Amino acid sequence: MNTEYWEKSIETLPRQELEKLQLERIKSTLTVASNAPYYKDKFQKHNISPDAIRCLDDFRKLPFTTKADMRANYPFGLLAGNLEDAVRIHSSSGTTGNPTVIIHSQHDLDSWANLVARCLYMVGLRKKDVFQNSSGYGMFTGGLGFQYGAERLGALTVPAAAGNSKRQIKFITDFKTTALHAIPSYAIRLAEVFQEEGIDPTESSLKTLIIGAEPHTDEQRRKIERMLGVKAYNCFGMTEMNGPGVAFECLEQNGMHIWEDCYLVEIIDPETLQPLPDGEIGELVLTTLDRNMMPLIRYRTRDLTRIIPGECPCGRTHRRIDRIKGRSDDMFIIKGVNIFPMQIEKILVQFPELGSNYLITLETLQNQDEMIVEVELNELSTDNYIELENTRKEIVRRLKDEILVTPKVKLVKKGSLPQSEGKAVRVKDLRDNK
7 MNTEYWEKSI ETLPRQELEK LQLERIKSTL TVASNAPYYK DKFQKHNISP DAIRCLDDFR
67 KLPFTTKADM RANYPFGLLA GNLEDAVRIH SSSGTTGNPT VIIHSQHDLD SWANLVARCL
127 YMVGLRKKDV FQNSSGYGMF TGGLGFQYGA ERLGALTVPA AAGNSKRQIK FITDFKTTAL
187 HAIPSYAIRL AEVFQEEGID PTESSLKTLI IGAEPHTDEQ RRKIERMLGV KAYNCFGMTE
247 MNGPGVAFEC LEQNGMHIWE DCYLVEIIDP ETLQPLPDGE IGELVLTTLD RNMMPLIRYR
307 TRDLTRIIPG ECPCGRTHRR IDRIKGRSDD MFIIKGVNIF PMQIEKILVQ FPELGSNYLI
367 TLETLQNQDE MIVEVELNEL STDNYIELEN TRKEIVRRLK DEILVTPKVK LVKKGSLPQS
427 EGKAVRVKDL RDNK
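This is how it looks when you write it as structure tokens:
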């Protein structure tokens with residue numbers, strides 16, 4: 007297979023050399039991390055020093071870092087560099103209480119942009135391409151992450167941002183966009199709007215689609231490819247690990263290469279916390295290896311996946327992870343936003359008209375993921391339709407402010423939702439792509 011590489015010497019590095027590089031970067035990362043108040047305290051308690059790490063197995067004895075640790079040390083408890091040298095902050099969406107915050111130096115941003123460029127080059131994008139990004143910008147990493155990566159590649163970029171499908175289509179048509187980044191459900195919606203506008207989406211200039219940020223099956227990917235007449239490539243990223251560009255499919259579309267020069271990857275049993283062999287599904291644990299402002303050590307992502315055994319025909323030696331199978335906690339993702347049931351509950355308890363029982367249902371309606379929140383009224387609630395409708399609208403408004411997604415809200419009579427003897431079932435996921 008005649009494969010081109012963005013950084014051939016790194017992407018095809020023999021495994022032994024790659025692991026040697028990882029060990030060097032682990033020691034450097036531990037040295038930097040020890041300047042952060044959180045890690046300084048943890049390293050002292052566990053008698054950890056970079057010199058004690060003589061092999062990768064030694065490293066796997068270090069304690070994990072969790073999202074709860076990051077929230078508890080918000081905002082700067084994990085900051086290892088000098089704040090005066092920081093140039094950007096990103097934070098995760100859809101979290102309860104304090105968000106998880108990542109602070110970047112210019113080096114960190116340059117490294118991140120290079121990884122995204124590496125990913126885009128891997129799926130065939132070149133300087134001649136026109137890259138349109140339909141991600142939200144701002145604190146969400148999908149916007150600026152792809153923007154800087156595509157610019158690093160040298161492509162003409164269209165920072166279209168999220169929504170406004172008719173404008174997206176006008177840009178695609180007028181600018182002759184060849185590559186688009188979109189969440190899977192929005193890609194389907196865009197194909198539908200093309201048709202509603204009397205345009206055959208398969209006849210557009212689009213050739214490449216980058217999809218990610220929400221769970222989807224390979225069947226859904228193939229459907230999107232047929233609808234838009236493109237090749238769609240799966241990507242993986244998360245705010246804590248910079249954002250997009252952590253792992254990406256190559257032209258083989260058979261697993262996502264995780265860039266092991268910048269991330270140390272582990273798969274563990276989420277119950278026993280013990281390592282799992284290649285091929286077995288477990289929780290993804292990641293360590294940053296090329297970040298100097300806020301490195302993270304053995305971060306439990308809560309995402310469930312596996313390392314795909316064997317070599318990839320593309321010639322890259324960096325291991326591949328499978329598409330994300332789900333979460334090891336109760337978080338769910340809809341329209342690219344991470345949401346916890348507790349966020350919903352936090353809003354609902356503010357309304358005295360409501361009871362304590364509620365149910366969140368996730369469904370696929372007309373190829374779009376939708377969230378329906380059913381909540382019981384209390385026994386003393388009014389029967390006045392106008393008052394109830396005003397309450398319902400206010401709940402929708404506050405929920406949208408909290409979770410950045412507009413749900414459908416239904417107010418139901420007390421006792422009409424299922425009751426559970428054990429842990430309450432708060433989320434029912436009926437989506438086609440679950």
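Mapping of the sequence shown onto our numbering: residues 7 to 440, in sequence order. A virtual CB, placed ideally from N, CA and C, is assigned to each residue, including glycine. No experiment lies behind these values; they were computed from the predicted model shown.
- As summarised for the stretch 165 to 200, the continuous alpha helix (DSSP H) elements at least 4 residues long and confined to that stretch are 171 to 181, given in chain order.
- The stretch 139 to 149 and the stretch 163 to 176 touch, with no fewer than 3 CB-CB distances between them shorter than 8 angstroms.
- One thing to note: A156 has its Cβ no nearer than 9 angstroms to the Cβ of M299.
- The same chain holds no residue with a CB closer than 6 angstroms to that of D47 once the five nearest residues on each side in sequence are set aside.
- If the five residues before and after L405 are omitted, its C-beta is found closer than 6 angstroms to the C-beta atoms of I353, P413, all from its own chain and listed in chain order.
- Under the DSSP assignment, C241 falls in the beta strand (DSSP E) whose first and last residues are 237 to 243.
- The C-beta of L62 has fewer than 16 other C-beta atoms within 10 Å across all chains shown, which makes the residue exposed.
- In this chain, the alpha helix (DSSP H) harbouring G148 covers 147 to 159.
- Looking at the DSSP output, H96 shares a beta bridge with I108.
- Looking at the DSSP output, A253 bridges to F242, I264.
- A distance below 8 angstroms between beta-carbons, with the five flanking residues on each side excluded, links W118 to the following residues of its chain, in chain order: H110, G151, Y154, G155, N248, G249, G251.
- The shortest CA-to-CA distance from A185 to any of F49, S211, S422 is the one to S211.
- Just so you know, the alpha carbons of M377 and T367 end up roughly 6 angstroms apart.
- Relative to W265, the option among F338, E255, P105 whose CA is nearest is E255.
- By the CB criterion at 9 angstroms, I327 and G261 fall inside the cutoff.
- Here R124 is not bridged, per DSSP, to any residue.
- Membership of I401 in the alpha helix (DSSP H) is indicated by the continuous run 391 to 409.
- With contact defined as three or more Cβ pairs closer than 8 angstroms, the stretch 306 to 317 and the stretch 47 to 60 are not in contact.
- Taking 9 angstroms as the cut-off, the Cβ atoms of A161 and R124 do not count as close.
- Bounds of the beta strand (DSSP E) holding V418 are 414 to 418.
- In the three-state reduction of the DSSP assignment, R21 falls in the helix class.
- In this structure, V236 sits near K213, with a CB-CB distance shorter than 9 angstroms.
- Judged by beta-carbon spacing, N79 lies within the 9 angstroms limit of P43, meaning their Cβ atoms are closer than that value.
- Between T397 and K182, the alpha-carbon positions lie close to 46 angstroms from each other.
- 9 angstroms or more divides the Cβ of V379 from the Cβ of Y391.
- Look at R432 here: in three-state DSSP terms it is coil, with no helix or strand label.
- Counting only the Cα atoms, R232 lies some 31 angstroms from T245.
- Membership of M377 in any alpha helix (DSSP H) is not indicated; the residue belongs instead to the beta strand (DSSP E) covering 374 to 383.
- Rounded to whole angstroms, the gap between the alpha carbons of R227 and N373 is 13 angstroms.
- The secondary-structure analysis by DSSP pairs V343 across a beta bridge with I340.
- If you draw a straight line from the Cα of L292 to the Cα of F70, it comes to about 10 angstroms.
- For the options S34, H96, E17, the alpha carbon positioned closest to that of N120 is the one of E17.
- Comparing alpha carbon positions, the residue from C320, D375, R304 closest to A39 is R304.
- Comparing C-alpha distances from K73 to each of R403, D64, L84 shows the shortest one belongs to L84.
- Contact annotation: C268 and T307 have beta-carbon atoms that are not nearer than 9 angstroms.
- By the neighbour-count criterion, in which a residue is buried when 16 or more other Cβ atoms sit within 10 angstroms of its Cβ, T278 is exposed.
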